[in-house]
Structure formats: structure tokens, C-alpha cells
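First to last, the sequence lines map onto chains A and B.
Residues in the first sequence are numbered from 1 upward in steps of one, following the working numbering.
Residues in the second sequence are numbered from 1 upward in steps of one, following the working numbering.
Even glycine gets a Cβ: it sits at the ideal position worked out from N, Cα and C.
Just so it is clear, the structure is predicted and the values come from calculations on it, not from any experiment.
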Amino acid sequence: MDTLDNILLYTENISKNFQGIKAVNNVNFKIYKNEIRALIGPNGAGKTTFVSLLCGRINASAGKVVFCGEDISDLPVFERISNGIGYTFQITSIFVNLTVYENVALAIRKDNSNGEENSVSEVLSKVGLLDRIEQRSGDLSYGHQRLLELAMGMAQKPKLLILDEPTQGLSDSEIENFKKLIKDISSSTTILLIEHNMDVVMSIADNISVLHFGEIIADGDKETIQNDPIVQKAYLGD
Amino acid sequence: MRKDLILHFGALAILLFLELLGVFSDYHQGNFARILVLAAYGIGYNVLFGYTGLLSLGHALFFSAGLYASGLSIYHLDYNVGQSLILAICFSAFFSLVIGYLALRTVGVSFMIVTLMFSQVGYLCILYFGGITRGDEGIVIQQSSRVFLSLDLSDPTIRYYAALIIFSLCLIFNLWIAKSSFGRVLIAIRENSDRALMLGYNVHLYKLFAVIISGTISGLAGACYGILFGYVGASFAAVPYSIFPLLWVLIGGVGTVLGPLVGAIFMFYLIDYASDITDAYMIIVGITLLVVTLYARRGLLGELRYRYFKWIP
Ligand SMILES: Nc1ncnc2c1ncn2[C@@H]1O[C@H](COP(=O)(O)OP(=O)(O)O)[C@@H](O)[C@H]1O
Ligand SMILES: [Mg+2]
């Protein structure tokens, strides 16, 4: 199973210290092509920090990141992203003064053969925001802004899409919609999903990694994780 | 036709017809020639401040880089107008690259201070090398040197047309940038540079390009100012000439193509009328600026765009 061919990204002993706090500590992590991997763990476990190390938003204190067989540890963030890592923010980060169209067009970056307008419309119709294409994105409702954030991730057509708590603060019906969308995206993209909502994790993830105090304490498919005594003690709370 | 093209080419047409129909008195013709070149400078400033969101307090450095490159080459090396303009453009571009490279190591308030410091260094250098620059006194460019394609650029009418051409070129270039995907990235950097970076843009390089474009346009405007009005002096490198473009842009409309022109006209005539009324004209100017910034925070055109005409680039 562990041939280099089916691993999309792995880390070796990656660490990040913030003024003495080991936010991420010696993590060895692999993600396989075409899976949906959930990354769970209590607040402050280091999930956001860990994925930021993958995409280069934060520089690692030590360790390396290998993506598609290439060591990307020294690449600046914009190059990692052009190489195919997409990232959506835990706290919605869109261009509020620009239109929905402009937001997505910026995410597409290079115009492909399809033509920018077609590509934007295609992505927006998938997330159901096509009728708001000319709206100022700051005027959208919170739920719609989260959808736009997701649409921008899709528009980048990354090989690996990192979603940092995409369903945070959404209503149940909006969450159902997100689950469908993420399933949909996963047909063409590997997904690393940070998620608090265990219902979402259990219904769409293939595998789960558990982060606790900056360390991966368990890795595996859903059943294994659910029945793992260490995980139950640390996180699931029995 | 598209609304944005009608607006901008309409504005240029009005500036042309004001002259063709002889609406200007000699006095206003001269004023407007000055305003047009200064507005071109404002456009250069706006590329960096209004579109990219980088506030420089030292643009007089770029304005005077072009001014002195052309002025000194005419004065000392007998360059003709065409040659001196080419030199000024190349020099400004190179100079902006170097200054941009250094200044962009900082952000925010530090960037403002660093640009201010660089421009003060430039100003002091002009004074220090008085043997070449003739310092405070400056250089007068003789009428015989101010000839381009056998047109006498000191003639008020020809000068007006020349200023209008320079302004039009800068305006069209700015309009093109504002509409291009390059310009959209600059705006994205202004709005949320963290997000722009996380979409895979080399934010630092885009900022450097913005400084180069901004500095080169400013330098071109400086060179034209010296040639058209025949004077090259250290006062153009001093702090007020860094603050003027900021004020024109703030008043006219931050990140709008026509904003610098609107702001430059407004400021020029505000100072002109206020100084007719009283010697303490800066009080009137100050109060007016205060009122404008309080009630039209985005500048005159910026406010119009925000409230009514979203399509203004
Ligand atoms: N920029 C930072 N500076 C200092 N400490 C930070 C910074 N970012 C995160 N931390 C700390 O690192 C730990 C992990 O945070 P984070 O990665 O945001 O956790 P999670 O996403 O799992 O909730 C927390 O203790 C947090 O306070
Ligand atoms: Mg987090």
C-alpha cells in the first residue's frame, strides 16, 4: 500500500514552536491520493498550525514536507499553491469589496482553454451561487460566504484541497449541502478536512487522523479510530 | 459602447475641446497644462497607493528622478527633448526597481517611513551636489532646448497639447491596468494580501512591479514638467511634492482612474482662490480638505462609485 505512487503528500518529523509552545511536535503524516482524510482533535490541538505548515503559510521550525514526490519544505507559499495545494481559511477570508465573480476569477489565476467566464460560472453553479455572481461578496450571508470560500478552493483545481473547518457556524441544512459538495469535489481532488462535527466526519471521511497537543495520536479508518481507547480517552470523551 | 470607455475618453475629449474652442483664458490654459502633468504624476502615485494599497510618503523622489534625469542631460549633455525623455524613463524605471526592492522589505507604517527617508536622502543629495544640480537655485532650461519635432514646447498652446498627450497616455495606461487581470491582482493585494498569497500569487513580486510602474510614471511626469515649464529645482524633491499626490488621490478618489485629475484640479484652484482671499490661505485649504475627507472618505469619485456607479474603474 505504501508505495510512493499512491502517497500524495507526507511529512517527516515536522514541528512548529511558538515561543516555547510546541504547537506541532514531530509529526509524521501521510495522505493518499483520492482519499478524504479528516483531521480531528480538540481546540488548540494544532490542526490549523499543522495544515499551515503543509501549504507554507507558516514556516516549520523543523522537519520536511514532500508533495508529489518533491521536497517542498523550502518553497514559498505561492509556489506550493501553484504546485497544487489549495487552502480554505477557518475564518472566512474573501475579498469583501470585490464581486463574487472577481473572487472566483482571482482563484482561477491562469486562464485555461475554457475561458475565464465559463470557468467561473461552472464553479459557481456547482455551489449554487451563480445567481449572485455580480453581488459584492461582503454583502453575502455568512453561509454564502462559506460557500464562496469553498468555491475559491475548487476554482484553484488543486491536487490537495485543505478545508479548515468549512462547516463551522452553518445550519444543519447548510451542512448537508456542504457534505454533498465535498463528496463531489473528492471525485477529482484529494481532501484534507479539519472538522469538529463528528457527524460530518463519519459520513464523508475515508480515514481519520487525530491530533492531540501537537502530536498525531491515532491514524486509521473510521471504525479503528472510533474504537481506539487512546482516542476515546483523549478526544471522544468516554 | 462601454460606459467606462465613454467616461474616460469623454473626459479627454472635453479637455481637448476646451482648448480647441478657445474656452481657456491664457491664465487658465497655463494652469491646466500644469494640472495635467501633475495629474499624470497623481496617476503614477495612485497605481501604488490606490490600486495596490501601499502608502508611500516619498514619491517626490521618483518625480524628481525623472525631472533631474531629463533636466541635467539637457543642461549638461545637450540632449534633445526626445533623448532626455528616454533617459528619464529608463532611469526612473531602474531607480524604482532599486528603491522598491529595498523599501518592500518593510510593510505598513515602516514602508511609509522608509519611503519618506529615501526621498529625504534624494533631496539632500540634490543640495549636496550643487555643482551639478545648482541646488536650491535650480536650472532654467532655455527655450531653444525645449523643442520637440520642431515644435516649440514653451508656446502655451503647444504646451497645453503636449501636457494633454502625456496625461492621456498615462490615463489610458492606468485604465488598461485597472481592467487587466494584472490590475485585479493588485486590487486583491490591496483588499486582502494574505488571501492573495494563499491563492498562489507572488505578492512580493506584484508589489515590486507596482512600485516600478508607479515610479516610472511619476518620473515621466517629472521629466515632462521640467521640459514644459523650463525649470528644474530642488523644491520638487522636497516633502510637499510627496504629499501633493497623496492629497490629489485622497480628494479625487482612491483607486479611480480619473481621481488624480479631479483631485489636482480641485487642489490647484482651491489654493489659487484661497490665496486671493487671504494670506493665511492654508487655513482655508486645510478646512476644506478636512470637510472633504470627513464627508467623502473615499474621495469625490470614490464616493460616487461607492454610492451610484459601481462600474467606475
Ligand atoms: N501565531 C501564533 N502565535 C502563537 N501561538 C499560536 C499561533 N497560532 C497558534 N498558536 C497556538 O498553537 C496552538 C495550536 O493552535 P491551532 O493550530 O490554531 O489549533 P487548532 O486549529 O487545532 O484549534 C494553540 O495553543 C495556539 O494558541
Ligand atoms: Mg483551527
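In the DSSP assignment, residue 305 of chain B falls within the alpha helix (DSSP H) that extends over 300-307.
By the C-beta density criterion, residue 127 of chain B is exposed, having fewer than 16 other C-beta atoms within 10 angstroms. For the options B:264, B:252, B:174, B:257, the alpha carbon positioned closest to that of residue 295 of chain B is the one of B:252. Counting the other CB atoms within 10 Å of its CB gives residue 248 of chain B a total of 16 or more, which places it among the buried residues.
With contacts defined as CB atoms closer than 8 Å, residue 51 of chain B and residue 255 of chain B qualify as a contacting pair. Around the beta carbon of residue 49 of chain A, 16 or more other beta carbons sit within 10 angstroms, so the residue counts as buried. Contact annotation: the segment 24-43 of chain B touches the segment 257-268 of chain B, with at least three C-beta pairs closer than 8 Å. Uninterrupted alpha helix (DSSP H) stretches at least 4 residues long and entirely within the segment 108-178 of chain A occur at 116-127, 142-155, given in chain order.
Going by DSSP, residue 137 of chain B is part of no alpha helix (DSSP H) at all; its letter is neither H nor E. At a Cβ-Cβ threshold of 8 Å, residue 168 of chain A and residue 90 of chain A count as neighbours. Looking at the backbone, the Cα of residue 293 of chain B and that of residue 300 of chain B are separated by about 9 Å.
At least 8 Å separates the CB of residue 90 of chain A from every CB of chain B. Residue side-chain check: residue 17 of chain A keeps its Cβ at 7 Å or more from all non-hydrogen atoms of ligand 1. In the structure shown, residue 208 of chain B adopts helical secondary structure according to DSSP, grouped into three states. When the Cα atoms are used, residue 226 of chain B and residue 4 of chain B turn out to be separated by approximately 32 Å. If you check the CB distance, residue 92 of chain B and residue 69 of chain B come in under 8 Å.
Setting aside the 5 residues that flank it on each side, residue 116 of chain A is surrounded in the same chain by 105, each with a C-beta closer than 6 Å to its C-beta; the list follows chain order. Per the coordinates, the alpha-carbon of residue 193 of chain B lies some 24 Å from the alpha-carbon of residue 245 of chain B. Listed as beta-bridge partners of residue 54 of chain B by DSSP are no residues whatsoever. For the pair residue 241 of chain B and residue 62 of chain A, the Cα-to-Cα distance works out to about 48 Å. The alpha-carbon separation between residue 183 of chain A and residue 66 of chain B amounts to approximately 58 Å. Of all residues in the segment 181-201 of chain B, the ones placed with a Cβ closer than 8 Å to any Cβ belonging to chain A are 181, 184, 185, 187, 188, 191, 192, 194, 195, 196, 197, 198, 199, 200, 201, in chain order.
By alpha-carbon distance to residue 53 of chain A, the top candidate from A:38, A:82, A:12, A:43 is A:12. Contact between residue 167 of chain B and residue 39 of chain B holds: CB atoms are separated by about 6 Å, below the 8 Å threshold. Judged by DSSP in its simplified three-state form, residue 35 of chain A adopts coil rather than helix or strand. For residue 73 of chain A, the nearest beta carbon of chain B is not closer than 8 Å to its own beta carbon.
Those residues that have a beta carbon less than 7 Å away from any non-hydrogen atom of ligand 2 are, in order along the chain, A:47, A:48, A:90, A:164, A:165, A:194. At least one heavy atom of ligand 1 sits closer than 7 Å to the Cβ of residue 41 of chain A. Here residue 212 of chain A is bridged, per DSSP, to A:215. Residue 86 of chain A sits close to residue 156 of chain A, with the two beta carbons spaced by under 8 Å.
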